[in-house]
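Below is one structure, written out as structure tokens; comments come after it.
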Amino acid sequence: MKKKLKERVDKLIVERKLAATRAKAQALILEGKVFSSQQKIDKAGTLLPEDAPLEIRTNESEWVSRGAYKLLRALEVFSVDPKGKVCMDLGASTGGFTDVLLARGARRVYAVDVGYGQLAWKLRNDSRVVVMERTNARYLQREHFDEPLDMVTIDASFISLKLLLPVVDSLISKGGSIICLVKPQFEAGKDRLGKGGIVRKPEIHKDILTEVAFFIEEQTTLRLKGATWSPIKGPKGNIEFLFYLQKNGHGNSHAIDFDTLVEESHRTLIN
Numbered sequence: 001m002k003k004k005l006k007e008r009v010d011k012l013i014v015e016r017k018l019a020a021t022r023a024k025a026q027a028l029i030l031e032g033k034v035f036s037s038q039q040k041i042d043k044a045g046t047l048l049p050e051d052a053p054l055e056i057r058t059n060e061s062e063w064v065s066r067g068a069y070k071l072l073r074a075l076e077v078f079s080v081d082p083k084g085k086v087c088m089d090l091g092a093s094t095g096g097f098t099d100v101l102l103a104r105g106a107r108r109v110y111a112v113d114v115g116y117g118q119l120a121w122k123l124r125n126d127s128r129v130v131v132m133e134r135t136n137a138r139y140l141q142r143e144h145f146d147e148p149l150d151m152v153t154i155d156a157s158f159i160s161l162k163l164l165l166p167v168v169d170s171l172i173s174k175g176g177s178i179i180c181l182v183k184p185q186f187e188a189g190k191d192r193l194g195k196g197g198i199v200r201k202p203e204i205h206k207d208i209l210t211e212v213a214f215f216i217e218e219q220t221t222l223r224l225k226g227a228t229w230s231p232i233k234g235p236k237g238n239i240e241f242l243f244y245l246q247k248n249g250h251g252n253s254h255a256i257d258f259d260t261l262v263e264e265s266h267r268t269l270i271n
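Numbering (UniProt numbering), first residue to last: 1 to 271.
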């Protein structure tokens with residue numbers, strides 16, 4: 001009997017016109033909305049027979065913000081588990097990252113943001129969340145926290161990671177994990193920004209990723225363990241990237257192929 005061919009589930013979703021692009025298909029998977037034969041599909045790379053039944057369920061509970069899908073992708077790609085960890089969500093805003101960290105079993109989350117009143121009500125009233133509003137992350141010190149930090153997530157705007165990562169380096173415990181969004185629009189400088197504040201050229205994306213990676217290696221004790229692209233663009237349409245770092249860990253930024261990463265991000269996210 002002829003063996004049935006298998007295909008990635010995100011590709012099948014697009015082929016069946018259940019989503020317009022693979023990026024949108026991956027977002028549906030991260031939201032927990034994709035099912036096959038009553039089984040939830042939780043990974044975009046899951047292989048299914050080409051004739052496998054697929055269902056999109058739109059009545060599943062939503063995260064507090066779209067930012068959740070960025071962190072969900074990072075946790076999947078980098079195989080990072082927040083369970084039982086004390087975390088800091090830097091640039092918490094509405095709390096998309098905080099929401100995911102709690103759902104994945106974080107013991108506590110320090111939700112830090114320079115703004116005020118943005119954190120979702122359900123998170124603000126969760127006993128596991130320490131709300132740190134009107135807080136400039138550049139001036140954080142260890143005494144601001146009641147316990148050592150095991151994990152840090154960063155989704156910050158209007159500031160370069162080069163200003164934030166040295167602070168995180170001084171706060172996080174040895175062996176701790178950092179997942180940070182690299183936003184080219186806030187790393188590029190005015191001379192490399194395109195119309196509308198968007199970085200469009202792949203060569204600029206490659207340069208920025210290389211520059212941030214070099215800074216991490218030369219100016220901190222953090223080590224770059226992995227990199228991927230965010231499944232969701234920034235508000236203006238900027239492609240963003242995710243770095244996985246570890247305090248005092250082993251890593252080599254030169255081993256990461258930024259050329260391929262950028263090419264894949266443009267192929268997937270630009271229609």
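Heads up, the beta-carbon is just placed ideally off N, CA and C, and yes, glycines get one too.
These numbers were taken from a predicted model, which means no experiment stands behind them.
Residue i versus residue j - alpha carbon distance
i	j	result
L222	E240	21 Å
M1	K40	Residue confidence is low: M1 scores 44 on pLDDT, short of 50, so the model does not pin down where it sits. Its coordinate-derived value is still stated next. Distance between the alpha carbons of M1 and K40 is about 29 Å.
G189	I159	11 Å
T153	E143	19 Å
H254	S37	43 Å
L181	R16	31 Å
R73	S230	7 Å
G237	I270	10 Å
residue 272	Q141	Limits of the chain in this structure are 1 at one end and 271 at the other, which puts residue 272 out of reach.
V9	Y244	25 Å
V130	A111	6 Å
First and last residue of the uninterrupted beta strand (DSSP E) at residue i
i	result
S228	The question names Ser, but residue 228 is Thr in the sequence shown. That run of the beta strand (DSSP E) goes 222–229.
L90	86–90
Own chain residues within Cβ distance below 8 Å of residue i, not counting five before or after
i	result
E62	E31
L75	D81, P82, V100, R104, I179
L261	L209, A227, T228, W229, F241
Residue i - containing alpha helix (DSSP H), residue span
i	result
D99	96–103
L242	Segment 241–247 is the beta strand (DSSP E) holding L242; no alpha helix (DSSP H) there.
A111	Where A111 is concerned, there is no enclosing alpha helix (DSSP H), although the beta strand (DSSP E) it sits in stretches over 108–112.
D207	202–219
L269	258–269
Own chain residues within Cβ distance below 6 Å of residue i, not counting five before or after
i	result
I204	R192
F215	K162
L18	I56
Opposing strand residues paired with residue i [DSSP bridges]
i	result
L193	None, per the DSSP bridge assignment.
Neighbourhood of residue i by C-beta distance below 7 Å, restricted to the same chain and skipping five residues each side
i	result
H250	R223
R66	G96, I232
8 Å Cβ cutoff, residue i in contact with chain C
i	result
L149	Among the chains in the structure shown there is no chain C, since it carries only a single protein chain.
ask   = What are the complete alpha helix (DSSP H) segments, minimum 4 residues, inside the region 123–186?
value = 161–171
ask   = In chain order, which continuous runs of the alpha helix (DSSP H) of length 4 or greater are located wholly inside the UniProt domain "RNA-binding S4" (7–72)?
value = 9–15, 22–30
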